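First the structure, in the form of structure tokens, and then the observations on it.
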Amino acid sequence: MRPLFFALFVFASQYCFGQLKYPITQKVDVKDNYHGAMIADPYRWLEDDNSEATHQWVNAQNQVTGSYLAAIPFRNAVKDRLAILWNYPKIGSPRKEGEFYYFFKNDGLQNQSILYRQKGLTGSPEVFIDPNSFSADGTIALGGQSFSKQAKYMTYLIARSGSDWQEAIIRDLSTGRNIDDTIKWIKFSGISWLGDVGFYYSRYPIPDAETKLSKQNRFHKVYFHQIGTKQSADELVYEDNEHPLRNVGGSVTDDGRFLIISQTEGTSGNELWVKDLAAKQVGFSKLIDGFSTDPDVIDNIGGQLLIKTNQDAPNFKIVLVDPKKPAKANWKTVIGEKSDVLQGVGTGGGYLFCSYLKDASTRVYQYTYDGKLVREIKLPGIGAASGFDGKSKDKSLFYTFTSYTYPPTIYTYDIATGQSTLFRKTETAFKSEDYETRQVFFTSKDGTKVPLFITGKKGFKLDGNNPVLLYGYGGFNIAQTPGFSISNAFWMEQGGLYVVVNLRGGSEYGEAWHKGGMLDKKQNVFDDFIGAAEFLITNKYTRKELLAIRGGSNGGLLVGACMTQRPDLFQVALPAVGVMDMLRYHLFTIGWAWA
768 MRPLFFALFV
778 FASQYCFGQL
788 KYPITQKVDV
798 KDNYHGAMIA
808 DPYRWLEDDN
818 SEATHQWVNA
828 QNQVTGSYLA
838 AIPFRNAVKD
848 RLAILWNYPK
858 IGSPRKEGEF
868 YYFFKNDGLQ
878 NQSILYRQKG
888 LTGSPEVFID
898 PNSFSADGTI
908 ALGGQSFSKQ
918 AKYMTYLIAR
928 SGSDWQEAII
938 RDLSTGRNID
948 DTIKWIKFSG
958 ISWLGDVGFY
968 YSRYPIPDAE
978 TKLSKQNRFH
988 KVYFHQIGTK
998 QSADELVYED
1008 NEHPLRNVGG
1018 SVTDDGRFLI
1028 ISQTEGTSGN
1038 ELWVKDLAAK
1048 QVGFSKLIDG
1058 FSTDPDVIDN
1068 IGGQLLIKTN
1078 QDAPNFKIVL
1088 VDPKKPAKAN
1098 WKTVIGEKSD
1108 VLQGVGTGGG
1118 YLFCSYLKDA
1128 STRVYQYTYD
1138 GKLVREIKLP
1148 GIGAASGFDG
1158 KSKDKSLFYT
1168 FTSYTYPPTI
1178 YTYDIATGQS
1188 TLFRKTETAF
1198 KSEDYETRQV
1208 FFTSKDGTKV
1218 PLFITGKKGF
1228 KLDGNNPVLL
1238 YGYGGFNIAQ
1248 TPGFSISNAF
1258 WMEQGGLYVV
1268 VNLRGGSEYG
1278 EAWHKGGMLD
1288 KKQNVFDDFI
1298 GAAEFLITNK
1308 YTRKELLAIR
1318 GGSNGGLLVG
1328 ACMTQRPDLF
1338 QVALPAVGVM
1348 DMLRYHLFTI
1358 GWAWA
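Letter 35 of the sequence shown, counting from 1, is numbered 802 in this note's numbering, and no numbers are missing.
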């Protein structure tokens, strides 16, 4: 059935597309003058997401889409197989807080995973938070969680109907019940606890009801909320009214001594300010100036801050900075820059765990706090590992490993011996052992070598007959590392190849790679993606009639640009939630920060 399935898919797609009749979209006479150039914007009226005309347009478009999907003759077969593949227990890594271990679990087809807790690793689990019970229609989603330092409370964030606006709800861990204390109008914020007393968070002023989902956000501020008090009494900790478009966030070092304020003007680059809470410092002092680097505070060591930075180190290094003498000349290098990119640093058991990227795959090294290498941690294979974070007295840590053919699997890591032990293996109906991933490199338009991950059935042939789904992102300093996906697994079961291209704009090869795909270099990202498609066709992985491209958000912009520049190269294009209006996107919500 499977080879036939794809032939039928291509035929049905072309046939159905030929029968589509799109609703007529009204055009209006709107023009803008950009430095003497008059640019028409005939669909400006669709920016009003509350108008009845916009609602009618959306409904008409959805009706066309619904009719198209309903006409696919094998849609139920796809649905049935996906239900089988998705129906397996999905369990996250446990984390110990107080006397309990907390972990997420999804029995198979639940809309949202449930947070459980149990005493000890072999205790009986109990449901702690079930986000599926938040609303009857499933429109309230669970966001991040944060535990107070002595595990007396936990905050969890919720979002309604896919909005970026969030509320923080506080739960008493001893009773397992929420307390009457909810914080609203949170956006683009974490929660950072100061002991069990309260926490720092970021919010915007209360928006107008009519424009809260579209109006530009301004004046982000950091507050401190004391448990048991009203939000109206929260202490304003940090604001910058001279720069209304900056985002700010507050975090406390693990020992509670320093409060760090991070300010950003976009999606990369941040400035750090610091306050010594133990010394009852009044006001903040600048720790790292400007927005040209990406510093991140790891820990406090005897009054000095351990910081991951790309200052004079595009692939990042770790330095020790004295808050009283923060000038760069006084920094002490703890772990120097390497040829691979330092992606993240975890702490646990008195050690540093540094995760590097080697050609978009994870390598993890264990170091002492003074920078001495203990060992490279042996991982199960080429893929992506996450975790390696815990408390200072931990003897072991948990980490998760995954790849394009390897479902997320949890291991325990013995800090003293370096031994990894399988903790929980994911069992699915997908036969991973029948599939393989090949990493290849191609030369982009300007001569840059760009990597591709190509995954499919073992022994797939290079005869031009493989349906290919090509995925890309290429932006915001985000690396595309190997990861398992059921929808991609289904695609490969039918004989397709799933291909991920590590485009410039990401963080796969450090800051130079990132900057090579942004601002006036953005065309490089499109050229890389087009070059990947041409490479796949030239080398007979596929042909253009069997090539589909997909991307979301910044990747939606990527697909939109490539289908416009090279419509001859792709059979199918899926630009999900793409940012397409380059002249006006900055006027809405947080769009200004993406420039």
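C-beta: ideal position from N, C-alpha, C; glycine also.
Since the model is a prediction, treat every value here as computed from it, not as a measurement.
For residue i, which residues in the same chain have their Cβ closer than 6 Å to its Cβ, ignoring the five residues on either side in sequence?
i	result
Thr-1248	Ala-1127 and Ala-1151
Ile-806	Asp-799
Pro-892	Tyr-883 and Gln-885
Leu-1143	According to the sequence shown, residue 1143 is Glu rather than Leu. Same-chain partners within the cutoff: Tyr-1132.
Glu-1312	Gln-1338
Ile-1085	Lys-1075, Val-1101 and Ile-1102
Phe-778	Any reading at Phe-778 is ruled out, since the residue's pLDDT is 41, under 50, leaving its predicted position unreliable.
Phe-720	Past the boundaries of the shown model lies residue 720; the chain is included only from 768 to 1362, so the question cannot be answered.
Asp-1335	none
Gly-1154	Ser-860, Phe-1165, Tyr-1166 and Thr-1167
Gly-1033	Ala-1360
In whole angstroms, give me the CA-to-CA distance for residue i and residue j.
i	j	result
Asn-826	Ala-820	10 Å
Gly-1017	Tyr-920	19 Å
Gly-1345	Val-1326	8 Å
Ile-953	Ala-935	8 Å
Glu-1104	Lys-1225	38 Å
Lys-1047	His-1010	27 Å
Ile-851	Ala-844	11 Å
Asp-1043	Asp-1061	22 Å
Asp-822	Met-1349	According to the sequence provided, residue 822 is His. The question's Asp does not apply to it. Roughly 23 Å separates the two Cα atoms.
Thr-996	Asp-948	7 Å
Pro-861	Gln-1110	22 Å
Gly-1157	Ser-915	14 Å
Phe-991	Val-1049	15 Å
Tyr-1265	Asp-1021	41 Å
Phe-1220	Tyr-855	26 Å
Gln-828	Gly-1263	29 Å
Phe-966	Ser-959	5 Å
Arg-1351	Tyr-1238	26 Å
Considering only DSSP beta bridges, list what residue i is partnered with.
i	result
Glu-1038	Gln-1030
Val-1131	Ser-1122 and Ile-1144
Val-1326	Paired residue(s): none; Val-1326 is not in a bridge.
Asn-1014	Thr-1031
Lys-788	Answer is none; Lys-788 lacks a bridge partner.
Val-1217	Phe-1209
Thr-1076	Lys-1084
His-992	Phe-966
Ala-807	Lys-798
Asp-1370	As displayed, the chain neither begins before 768 nor continues past 1362, which places residue 1370 out of reach and without an answer.
Gln-933	Ala-926 and Ile-953
Phe-871	Leu-882
Ser-1052	Val-1041
Pick out whichever of the options has its Cα sitting closest to the Cα of residue i.
i	options	result
Phe-1296	Asp-1287, Gly-865 and Val-1267	Val-1267
Ser-1274	Lys-1288, Val-1108, Pro-1174 and Phe-1208	Val-1108
Pro-974	Arg-985, Gly-965, Tyr-968 and Val-964	Arg-985
Asp-808	Val-797, Lys-1216, Ile-896 and Ser-956	Val-797
Thr-1356	Pro-861, Asn-1291, Ser-1170 and Lys-979	Lys-979
Tyr-1166	Gln-1290, Pro-1147, Gly-905 and Ala-1183	Pro-1147
Ala-1328	Phe-1293, Leu-1164, Arg-1351 and Gly-1358	Phe-1293
Lys-1366	Gly-1154, Gln-1206, Tyr-1005 and Asn-1082	The shown model of the chain, from 768 to 1362, leaves out residue 1366, and the question about it has no answer.
Lys-1053	Ala-1094, Ser-1059, Ser-1211 and Thr-1034	Ala-1094
Gly-911	Gly-1277, Thr-922 and Ala-918	Thr-922
Thr-1204	Lys-1289, Met-1259 and Ile-858	Met-1259
Ser-1029	Glu-1006, Gly-1023 and Ile-1245	Glu-1006
Leu-1003	Ile-791, Pro-972 and Ala-837	Pro-972
Please return the same chain residues whose Cβ sits closer than 7 Å to the Cβ of residue i, not counting the five positions on each side in sequence.
i	result
Tyr-1363	Because residue 1363 is not part of the residues shown, which for the chain are 768 to 1362, the question remains open.
Gln-983	Leu-1354, Phe-1355, Thr-1356 and Trp-1359
Pro-1175	Thr-1167, Thr-1169, Thr-1193 and Phe-1251
Can you name, in chain order, every residue of its own chain whose Cβ lies under 8 Å from the Cβ of residue i, other than the five neighbours on each side?
i	result
Leu-1341	Ala-1315, Ile-1316, Arg-1317, Gly-1318 and Val-1326
Gly-1323	Pro-1342, Ala-1343, Val-1344, Gly-1345, Val-1346 and Met-1347
Ile-1096	With the sequence shown as reference, residue 1096 is identified as Ala, and Ile is not the correct amino acid for it. If we look at Ala-1096 and ignore the five residues flanking it on each side, it has no Cβ neighbours.
Pro-1090	Phe-1025, Val-1041, Asp-1043, Ser-1052, Leu-1054, Gly-1070, Gln-1071 and Leu-1072
With burial defined as no fewer than 16 other Cβ atoms inside 10 Å of the residue's Cβ, what is the status of residue i: buried or exposed?
i	result
Tyr-801	exposed
Ala-1196	exposed
Arg-1013	buried
Tyr-789	exposed
Arg-1271	buried
Lys-1080	Looking at the sequence provided, one finds Ala at residue 1080 rather than Lys. Answer is buried; the Cβ neighbour count reaches 16.
Ser-834	exposed
Leu-1229	exposed
Val-989	buried
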